[in-house]
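Engineer:
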Amino acid sequence: MTTALKRYGLGVLAIAVTVVLFIVPLAFMALTAVKDRREAAKLDFAWPTTFNFIENFQDVLSARKFMLVTAFINSTILTVASVTILVILAAMVAWILQRRRSRWNGVANFLILSGLIIPPAVVPTIWVLQSMGLFKTLPGLILIEVAFGLSFCVMLFRAFIASIPKELDEAAVIDGCGPVRLFFRVIFPLLRSVIVTVIVVQSVHIFNDFQNPLYFLPGDANATVQLTLFNFQSQFATSYNLLFMNILLITIPPFIMYLFFNRQIVAGMTAGAVKG
């Protein structure tokens, strides 16, 4: 009985913490987003006297020549391109590191861990992008996102590839598969659970990224969704109703993705952790 009560108490505590940390802020954001400017400025957790959802939505959408629409397009291109490159490149790197042992494996592992530990340097990165002619361009930011997310993805893929029998590779080679065909026809389809995990986690991370677009992709025409938050706040005044409406709109896509793929994320993480 005591054990059951403890489990029940822990469950209730977990639900309460979840409500406080996630549901309450989401509800506050939604309520503020539908208020008028005067009521929203109070920043209180109160029911609005009038619902201005449509008006606030139209104001946010049309602000600064429909900048939010441009930002959604830029963020979508950035996310899709970066995640596609990350999935293919990280899986290839992880497969080579796991299957082919050499004296360079130690160096490669050190570089991968360094990518997780050492923070990125902004000024040298800008200098490199300028020398390549990629500063203030979307391809340049795509390379940045790939570089910063590669270490994490390689470690996930490598942990899962360790569970795939090496005899499978040898049998495919005997049947006439070259390295490229072996990877894409045999190994890559087996990584489905980890691929889903990488796609969802990295998509949400890149779509919500604020720092990298701010530093490496300045300019209104290059704005991503997170940078549109500057449209409604300034040094002396902030339109909290429009600001929270903007936040609500850019929160919906990652929220939907997590809602539909949360089981796949957990499955991919645990599979790599157990089998690696």
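The letter at position 14 of the sequence shown is residue 14 when you use the UniProt record's numbering, and the numbering goes up by one with no holes.
Built from N, CA and C at the ideal position, the CB exists for glycine as well.
In terms of residues, what are the limits of the alpha helix (DSSP H) holding L26?
Structural biologist: Its alpha helix (DSSP H) spans residues V24 to A33.
Engineer: So, under 8 angstroms CB-CB, L182 and D169 are touching, yes? Tell me the CB distance rounded to an integer number of Å.
Structural biologist: Yes, L182 and D169 are in contact; Cβ-Cβ is about 6 angstroms, under 8 angstroms.
Engineer: So, under 8 angstroms CB-CB, P48 and V34 are touching, yes? Tell me the CB distance rounded to an integer number of Å.
Structural biologist: Between V34 and P48 the Cβ distance is about 6 angstroms, and since that is below 8 angstroms, they are a contact.
Engineer: Does DSSP put T70 in a helix, a strand or coil?
Structural biologist: T70 falls in the helix class under three-state DSSP.
Engineer: Could you name the residues that DSSP lists as bridge partners for Q233?
Structural biologist: Answer is T238, bridged to Q233.
Engineer: Determine the extent of the alpha helix (DSSP H) in which W127 is found, giving its start and end residues.
Structural biologist: V122 to M132 is the extent of the alpha helix (DSSP H) around W127.
Engineer: What whole-angstrom Cβ distance do L242 and D59 have, given they're in contact under 8 angstroms?
Structural biologist: The pair is a contact, with the Cβ atoms about 6 angstroms apart (cut-off 8 angstroms).
Engineer: What residues in its chain sit with their C-beta under 6 angstroms from that of C153, if we drop five residues either side in the sequence?
Structural biologist: The answer, listed in chain order, is L86, A90 and V198.
Engineer: Let's see if you can read the secondary structure: which residues bound the alpha helix (DSSP H) around A41?
Structural biologist: Taken as a continuous stretch (DSSP letters only), A41 belongs to no alpha helix (DSSP H), as it is neither H nor E.
Engineer: Take every Cβ of the segment 213-224, pair it with every Cβ of the segment 132-146, and state whether three or more of those distances are shorter than 8 angstroms.
Structural biologist: With the cut-off at 8 angstroms, the segment 213-224 and the segment 132-146 touch.
Engineer: What residue range does the alpha helix (DSSP H) around R181 cover?
Structural biologist: Taken as a continuous stretch (DSSP letters only), the alpha helix (DSSP H) holding R181 covers P179 to L182.
Engineer: What three-state label does DSSP hand G276 in the structure shown?
Structural biologist: Its pLDDT being 41, under 50, G276 is placed unreliably by the model, and nothing is read from it.
Engineer: With DSSP collapsed to three states, give me the class of R192.
Structural biologist: R192 falls in the helix class under three-state DSSP.
Engineer: Suppose contacts are defined by Cβ-Cβ distances below 7 angstroms. Is T79 in contact with S203 by that definition?
Structural biologist: Their beta carbons are under 7 angstroms apart, which means T79 touches S203 by this criterion.
Engineer: What would DSSP say about W104, mapped onto helix, strand or coil?
Structural biologist: Reduced to three states, the DSSP call for W104 is coil.
Engineer: Taking 6 angstroms as the cut-off, is the CB of P165 close to at least one heavy atom of the ligand GDP?
Structural biologist: Only the bare structure without any ligand can be found here, which leaves the ligand GDP out of the picture.
Engineer: Less than 7 angstroms between the C-beta atoms of Y240 and A41, yes or no?
Structural biologist: Yes, these two residues count as a Cβ contact at 7 angstroms.
Engineer: Here's the rule I'm using: 16 or more other beta-carbon atoms within 10 Å means buried, otherwise exposed. How should V107 be labelled?
Structural biologist: Label assigned to V107: exposed.
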